[in-house]
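The numbering of the sequence shown is this note's numbering, which starts it at 8 and goes up by one. Note that the Cβ used here is the ideal one computed from N, Cα and C, for glycine as well. Notes for the one structure printed next.
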Amino acid sequence: MEVQDQLKAIPSNEWVLLRDIYKRDWPRHQLAYNTIQNYINWSALDPRIKQLQILGFDDSWRENGTCVILDRYQMYVYTVEDSNKSLKRALLLVDWDYSYKMCCIPMRYHPTFQEVFATLSIDLLWDHPCVIYELSKEDSLKLDLNVPKGLHTEKLSIHHATFANEVWPHRCEGSEYFLKRLAAWNPSVGLFNEAGQLLAWCFCWPNGAIGPLEVAKEHQRKGYGSLMVKAIAREVANAGLNCYGTAITGNAQSRAMFEKLGFRLVDGGCFYARNRSRKLVEYDR
Numbered sequence: 008m009e010v011q012d013q014l015k016a017i018p019s020n021e022w023v024l025l026r027d028i029y030k031r032d033w034p035r036h037q038l039a040y041n042t043i044q045n046y047i048n049w050s051a052l053d054p055r056i057k058q059l060q061i062l063g064f065d066d067s068w069r070e071n072g073t074c075v076i077l078d079r080y081q082m083y084v085y086t087v088e089d090s091n092k093s094l095k096r097a098l099l100l101v102d103w104d105y106s107y108k109m110c111c112i113p114m115r116y117h118p119t120f121q122e123v124f125a126t127l128s129i130d131l132l133w134d135h136p137c138v139i140y141e142l143s144k145e146d147s148l149k150l151d152l153n154v155p156k157g158l159h160t161e162k163l164s165i166h167h168a169t170f171a172n173e174v175w176p177h178r179c180e181g182s183e184y185f186l187k188r189l190a191a192w193n194p195s196v197g198l199f200n201e202a203g204q205l206l207a208w209c210f211c212w213p214n215g216a217i218g219p220l221e222v223a224k225e226h227q228r229k230g231y232g233s234l235m236v237k238a239i240a241r242e243v244a245n246a247g248l249n250c251y252g253t254a255i256t257g258n259a260q261s262r263a264m265f266e267k268l269g270f271r272l273v274d275g276g277c278f279y280a281r282n283r284s285r286k287l288v289e290y291d292r
């Protein structure tokens with residue numbers, strides 16, 4: 008009798024082994040390394056964290072690192088395999104009845120995703136190609152903040168995440184809790200006036216990249232966005248990481264900001280996408 012192909016949860020005590028596979032060809036796979044390390048950190052803070060799985064194949068993840076990370080409605084996938092063969096095998100086994108936000112997926116995987124979507128008749132809500140920028144931790148620490156008089160920066164708290172979610176253009180079911188975890192567990196920074204009003208803010212994604220970054224509507228075009236990028240870059244550098252940022256390919260304003268601050272364009276790029284749910288689920292948009 009033929010054994011059915013299965014994705015299985017990789018035990019959390021083996022996530023370090025998975026992470027270290029992504030040291031190969033450093034820093035090519037640094038975002039993958041950062042993502043797995045993020046969930047190692049989070050599971051240490053909350054060993055019983057719900058709706059988080061890192062899935063792989065028993066017969067191969069220790070060699071090719073192929074994994075699917077499902078964190079509530081968010082999905083990250085990685086492999087060091089050039090052929091993407093095991094990646095396709097894994098994606099075909101994902102339960103696509105649920106709606107996932109595919110986050111910062113390396114663009115070299117995009118054809119494989121498209122093949123799987125066509126095979127399984129998966130309907131996408133959106134699919135955005137993006138560019139990736141990088142600033143080394145050494146250069147990040149050299150950034151001069153120049154905070155305007157009367158303003159100050161400090162780490163965001165959970166209640167700031169609630170406000171940030173209310174005005175976030177990409178908010179969805181589950182996003183408020185997601186931002187709360189970023190505020191509580193990852194580097195973050197807010198810009199405040201003397202009255203304590205939040206003027207601009209920036210979180211740090213699970214993969215270590217900048218975002219979400221927002222400036223209150225009434226305070227836009229004052230340079231606060233660039234200030235937040237510099238502030239979060241320093242925080243990330245103090246954690247020992249290079250700083251990454253993404254921008255939709257056609258977003259000239261964001262790209263110009265990164266380039267003005269000295270970020271370099273990383274080859275390959277990435278994409279973000281969201282599939283439509285095929286049944287009644289908790290996270291559906």
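Which of the three DSSP states, helix, strand or coil, is assigned to residue i?
i: A254; result: strand
i: H135; result: strand
i: T73; result: coil
i: P219; result: strand
i: T160; result: strand
i: K15; result: strand
i: N172; result: helix
i: G232; result: helix
i: N282; result: strand
i: P213; result: coil
i: E141; result: strand
i: Q60; result: strand
i: F270; result: coil
i: Y80; result: coil
i: Y46; result: helix
i: Y85; result: strand
Give me the residue from the options with the minimum Cα distance to residue i.
i: N4; options: E141, C74, Y140 and H226; result: Nothing in the structure corresponds to residue 4, since the chain is present only between 8 and 292.
i: E21; options: R31, G72 and K267; result: G72
i: L131; options: E141, N249 and Y107; result: Y107
i: T119; options: K92, S128 and M109; result: K92
i: E88; options: I28, K15 and I129; result: I28
i: A202; options: G157, L99, A191 and K187; result: G157
i: V123; options: L272, D146, L99 and E183; result: L99
i: A51; options: V222, I112 and S19; result: S19
i: A263; options: L38, G230 and V222; result: G230
i: Q37; options: S90, I112 and V154; result: I112
i: D102; options: L150, K162, C110 and L14; result: L14
i: R35; options: D65, Y85, G63 and D66; result: Y85
i: V154; options: I17, G63, G232 and W33; result: G232
i: S90; options: C137, G275, R115 and C110; result: R115
i: H135; options: M109, P54 and L127; result: M109
Short of 6 Å in beta carbon distance, which residues of its chain neighbour residue i, apart from the five on each side in sequence? Order them along the chain.
i: Y45; result: The sequence given here has Asn at residue 45, not Tyr. Only P213 meet the Cβ criterion.
i: F210; result: L189, S195 and P219
i: I76; result: I61 and Y83
i: M8; result: For M8, the predicted model reports a pLDDT of 40, less than 50, meaning its position is unreliable; a value from the coordinates is still stated below. Cβ neighbours of M8 beyond the five flanking positions: none.
i: H273; result: According to the sequence displayed, residue 273 carries Val and not His. Excluding residues within five positions, the ones whose Cβ falls inside 6 Å are I139 and E141.
i: S261; result: A254
i: H117; result: F278
i: P54; result: none
i: R96; result: none
Given residue i, which residues of its chain have a CB within under 7 Å of its CB, disregarding the five upstream and five downstream residues?
i: L148; result: R241 and A244
i: R69; result: L24
i: A246; result: P194
i: S143; result: N249
i: H159; result: F199
i: G269; result: L142 and D146
i: W49; result: I56 and W192
i: F265; result: Y140, G252 and A254
i: D65; result: K15
If residue i and residue j are in contact, beta carbons under 8 Å, what's the gap, nearest whole angstrom?
i: A280; j: W175; result: That belief does not hold up - the Cβ atoms of A280 and W175 are roughly 18 Å apart, past 8 Å.
i: Y251; j: A216; result: 4 Å
i: C277; j: T253; result: 6 Å
i: L94; j: D78; result: L94 to D78, Cβ: 18 Å. No contact.
i: A171; j: E221; result: 6 Å
Residues in the same chain with beta-carbon distance under 8 Å from residue i, minus the five sequence neighbours each way, listed in chain order, please.
i: D104; result: S284, R285, K286 and V288
i: L152; result: T160, L234, K237, A238 and R241
i: H177; result: P219
i: R26; result: Y40, I43, Q44 and I47
i: A223; result: V174, L205, L206 and A207
i: K187; result: I165, A168 and T169
i: Y184; result: R79
i: K267; result: S233
i: L127; result: L99 and W103
i: K30; result: H36 and Y40
Between residue i and the ligand NAD, is there a pair consisting of the residue's CB and a ligand heavy atom that are separated by less than 7 Å?
i: Q204; result: Here there are no bound small molecules, and the ligand NAD is not part of this structure.
Start-end ranges of the alpha helix (DSSP H) lying completely within the segment 101 to 132, minimum 4 residues: 117 to 127
Segments assigned alpha helix (DSSP H), at least 4 residues, entirely inside the segment 178 to 210: 182 to 192
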